[in-house]
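Under our numbering, think of the first position of the sequence shown as 823, with each following residue one higher. All C-beta atoms, glycine included, are put in the ideal place defined by N, C-alpha and C.
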Amino acid sequence: MEIRHTTNPTDFKAYQTERLRSEFLMESLFVQGEINLVYSHYDRVVTGGAIPTTGSLKLEDPDTLKTEYFLERREVGIINIGAEGTVLVDGEAYTLNKRDCLYVGLGNKEVLFESNNAADPAKFYIVSTPAHKQYPTKKAPIEEAEPTRLGSDSESNKRTIYKYIHGDGIQSCQLMMGMTLLEPNNMWNTMPAHTHDRRMEVYLYFDMEPESRVFHFMGQPNETRHIVVQNEQAVLSPPWSIHSGVGTSNYTFIWAMGGENYTFTDMDTVKMEDLK
823 MEIRHTTNPT DFKAYQTERL RSEFLMESLF VQGEINLVYS HYDRVVTGGA
873 IPTTGSLKLE DPDTLKTEYF LERREVGIIN IGAEGTVLVD GEAYTLNKRD
923 CLYVGLGNKE VLFESNNAAD PAKFYIVSTP AHKQYPTKKA PIEEAEPTRL
973 GSDSESNKRT IYKYIHGDGI QSCQLMMGMT LLEPNNMWNT MPAHTHDRRM
1023 EVYLYFDMEP ESRVFHFMGQ PNETRHIVVQ NEQAVLSPPW SIHSGVGTSN
1073 YTFIWAMGGE NYTFTDMDTV KMEDLK
């Protein structure tokens, strides 16, 4: 498992392009036949991708976590962004179509990922946070997720937000997770921007054409930088950072949060005139 350490926002001001990318961008989560995980010291969040092909892939890394099994002190949210696949949780099978979500709680000892067709594999996106209370494993197909429609064509941000793991949906200890789909000809997300100093966030951008790019903006409101992101790449967003983006075309992204608060209303909004 790759380990990423936290960054002081004062030091962040001096980062050049390659340092920004090495600290915050996860470029190669999805590799056929592999499971890849990144451990961040921001709220101890683990981000990963798994593409099982001819066999199953197991969620594990005892050398990094120093626990008997992965979810001994953790919970995990899983969203499939590929073809149909199956997640086995202590022997119980959950089939996930594209954009379906599965929450697996504290204490489950074995999590395996499988594709239903090796030639057209599933792509499981994984976000895990520490947990101190057990909640039941639960699947949420996208058809059952809570949709919120926001934005407009005139603002180039007409979008639908699907909430999966949250206070009024799948219950968890601290993990929150959902997905935002931008309509065709709409490119902006989360602008005007905000911060939430009590929890970090991870963005995964996907459903992009190979030549498309998203310019992901981050940093303190008066010291913003950008990272150029390709399809199926993810960005770590520190609690002190804004998180916003604009693409060369429409795209979809998964947001996941972990930290102290368990609410959508604790954000600190940033006025457009305060962005620099």
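- The Cβ atoms of residue 1016 and residue 1092 lie closer than 8 Å to each other.
- Annotation for residue 843: the continuous alpha helix (DSSP H) segment containing it runs 839-846.
- For residue 933 and residue 912, the gap between their C-alpha atoms comes out near 6 Å.
- In the three-state reduction of the DSSP assignment, residue 831 falls in the helix class, which pools H, G and I.
- Counting C-beta pairs closer than 8 Å gives three or more between the stretch 825-845 and the stretch 1051-1066, which meets the contact rule.
- Around the beta-carbon of residue 850, fewer than 16 other beta-carbon atoms lie within 10 Å, marking it exposed.
- With a cutoff of 8 Å on beta-carbon distance, residue 878 and residue 905 are scored as not near each other.
- CA-CA distance, residue 996 to residue 1020, rounds to 12 Å.
- Here the alpha carbons of residue 898 and residue 945 stand approximately 16 Å from one another.
- In this chain, the beta strand (DSSP E) harbouring residue 1074 covers 1074-1081.
- When DSSP reads this structure, residue 1090 sits in a beta bridge with 1017.
- A distance below 6 Å between beta-carbons, with the five flanking residues on each side excluded, links residue 923 to the following residues of its chain, in chain order: 901, 962, 986.
- Closest in alpha carbon position to residue 835, among 1048, 826, 885, is 1048.
- In the three-state reduction of the DSSP assignment, residue 935 falls in the strand class.
- Here residue 1040 is bridged, per DSSP, to 1047, 1065.
- Fully contained in the stretch 958-990 are the following beta strand (DSSP E) runs of length 3 or more, in chain order: 960-962, 968-972, 981-987.
- For residue 886, there is no enclosing beta strand (DSSP E); the residue is found in the alpha helix (DSSP H) stretching over 884-887.
- The way I'd put it, the stretch 1026-1044 does touch the stretch 1073-1083; three or more beta-carbon pairs between them come closer than 8 Å.
- Residues 984, 1076 of the same chain have their beta carbon placed closer than 6 Å to that of residue 1001, with the five preceding and five following residues left out of the count.
- Looking at the DSSP output, residue 874 bridges to nothing.
- Spanning the alpha carbons of residue 989 and residue 1086 requires a straight line of approximately 9 Å.
- The alpha-carbon of residue 992 is positioned some 26 Å away from that of residue 852.
- Looking at 1065, 883, 950, the one whose alpha-carbon comes closest to that of residue 896 is 950.
- A direct Cα-Cα distance of roughly 12 Å separates residue 1038 from residue 1053.
- Looking at the DSSP output, residue 862 bridges to 826.
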